[in-house]
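Please read the structure below before turning to the comments.
Numbering (my numbering), first residue to last: 607 to 821.
See below:
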């Protein structure tokens, strides 16, 4: 199969976008207002990449190579000149070459094929552990999670867990860069073991609470 190579504008951010994840944005810098105008004339898509060095506002930042294509699904102009939009992650890509830095960054990228595996060994274990993790997190806010509608596809499961884990952005970037859903789910299983144990210790230290009542 031939590689899917294309040129896209890049939006370096302080967050990791996963396929299937919604990403709200406010555009106010002239360069990104120009980017928005340019992509509305094409396919409403741009690439989101985590910043490795630099900041979101100001001079061009150095991003990681692997990111996710985002498609704008809703947008609105504000009275003060900003554009408020909602985008959704679609497909991972790897940057091959930065083509320009100004007014906004564009790159030649290779779209990475989605993992269409029907099942994985780690999938059931991650579902079980993530449900426990979600219940502990909800309990810390006096809330309760009875069940979670997990997707069937391993890749969709891996991305759902990845975007909802309370871990650092470099860890999330590592999950995004993994080649297969099985590899990602195996890593998430280990992460869930660690973060869930930390939450259990916190609950034990705080003592019994009404938030964990069976009622």
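For every residue, glycine included, the Cβ atom is placed at its ideal position computed from N, Cα and C.
Being a predicted model, the structure only gives us computed values, none of them experimental.
Between the Cα of residue 799 and the Cα atoms of 765, 740, 745 and 763, which residue gives the shortest distance? Working through the chain shown from its first residue, we reach residue 799 at position 193. Closest option to residue 799, Cα to Cα, is 740.
Return the Cβ separation of residue 652 and residue 617 in integer angstroms, given the expectation that the two are a contact with Cβ distance under 8 angstroms. Counting from 1 along the chain shown, the entry for residue 652 is found at position 46. Counting from 1 along the chain shown, the entry for residue 617 is found at position 11. At roughly 5 angstroms, the Cβ-Cβ gap stays under 8 angstroms, so residue 652 and residue 617 are in contact.
Residues sharing a beta bridge with residue 694, DSSP: In the chain shown, the residue the question calls residue 694 occupies position 88. 628 and 677.
Residue 809, enclosing alpha helix (DSSP H) - first and last residue: Residue 809 sits at position 203 when you count from the first residue of the chain shown. Its alpha helix (DSSP H) spans residues 787-812.
Are the region 619-628 and the region 638-650 touching, with three or more C-beta to C-beta distances below 8 angstroms? no
For the alpha helix (DSSP H) that contains residue 714, what are its first and last residues? Against the chain shown, residue 714 aligns to sequence position 108. Per DSSP, residue 714 belongs to no alpha helix (DSSP H); it is in the beta strand (DSSP E), 712-717.
Hey, how far is the Cα of residue 654 from the Cα of residue 747? Within the chain shown, residue 654 is the residue found at index 48, counting from 1. Within the chain shown, residue 747 is the residue found at index 141, counting from 1. If I take the Cα positions, the gap works out to 31 angstroms.
Excluding the 5 residues preceding and the 5 following residue 679 in the sequence, name in chain order all residues of the same chain whose CB lies nearer than 6 angstroms to its CB. Residue numbering aside, residue 679 sits at position 73 when the chain shown is read from its first letter. Taken in chain order, the residues that qualify are 692 and 694.
Roughly how many whole angstroms lie between the Cα atoms of residue 785 and residue 738? Here residue 785 refers to the residue found at position 179 of the chain shown. Here residue 738 refers to the residue found at position 132 of the chain shown. For residue 785 and residue 738, the distance between alpha carbons rounds to 26 angstroms.
Shortest alpha-carbon distance to residue 627 belongs to which of 635, 644, 646 and 674? By 1-based counting over the chain shown, the position of residue 627 is 21. The candidate whose alpha carbon is nearest that of residue 627 is 674.
Are the Cβ atoms of residue 776 and residue 711 separated by less than 8 angstroms? As a position in the chain shown, residue 776 is number 170, starting the count at 1. As a position in the chain shown, residue 711 is number 105, starting the count at 1. Cβ atoms of residue 776 and residue 711: not closer than 8 angstroms.
Taking only three categories from DSSP, how would you classify residue 683? Here residue 683 corresponds to residue number 77 of the chain shown, with the count starting at 1. Looking at residue 683 - three-state DSSP - the assignment turns out to be strand.
Just reading off the beta strand (DSSP E) that residue 637 is part of, what are its end residues? Within the chain shown, numbered from 1, the residue matching residue 637 stands at position 31. Residue 637 -> not in any beta strand (DSSP E); alpha helix (DSSP H) instead, spanning 636-646.
Expected contact under 8 angstroms - CB spacing of residue 713 and residue 725 to nearest Å: Mapped onto the chain shown, residue 713 falls at position 107. Mapped onto the chain shown, residue 725 falls at position 119. 34 angstroms between Cβ atoms; not a contact.
Buried or exposed by the 16-neighbour rule on C-beta atoms within 10 Å, applied to residue 687: Here the question's residue 687 lines up with position 81 in the chain shown. When all chains shown are included, residue 687 counts as exposed.
Distance, residue 682 Cα to residue 730 Cα: Locating residue 730 in the chain shown gives position 124, where the first residue counts as 1. Locating residue 682 in the chain shown gives position 76, where the first residue counts as 1. Distance between the alpha carbons of residue 730 and residue 682 is about 41 angstroms.
Would you grab the beta carbon distance between residue 611 and residue 716 for me? Rounded to a whole angstrom, and I think it's under 8 angstroms. Your numbering for residue 611 matches position 5 in the chain shown. Your numbering for residue 716 matches position 110 in the chain shown. Contact holds; Cβ gap of about 5 angstroms.
8 angstroms CB neighbourhood of residue 697 in its chain, flanking five on each side removed: Working through the chain shown from its first residue, we reach residue 697 at position 91. Taken in chain order, the residues that qualify are 625, 674, 675, 717, 718 and 720.
Give me the residue from 803, 805, 809 and 723 with the minimum Cα distance to residue 789. One-based indexing of the chain shown puts residue 789 at position 183. Looking at the Cα atoms, 723 is the closest of the given residues.
Over the uninterrupted beta strand (DSSP E) stretch that includes residue 651, give me the two end residues. The count along the chain shown starts at 1 and reaches residue 651 at position 45. Start and end: 651-659.
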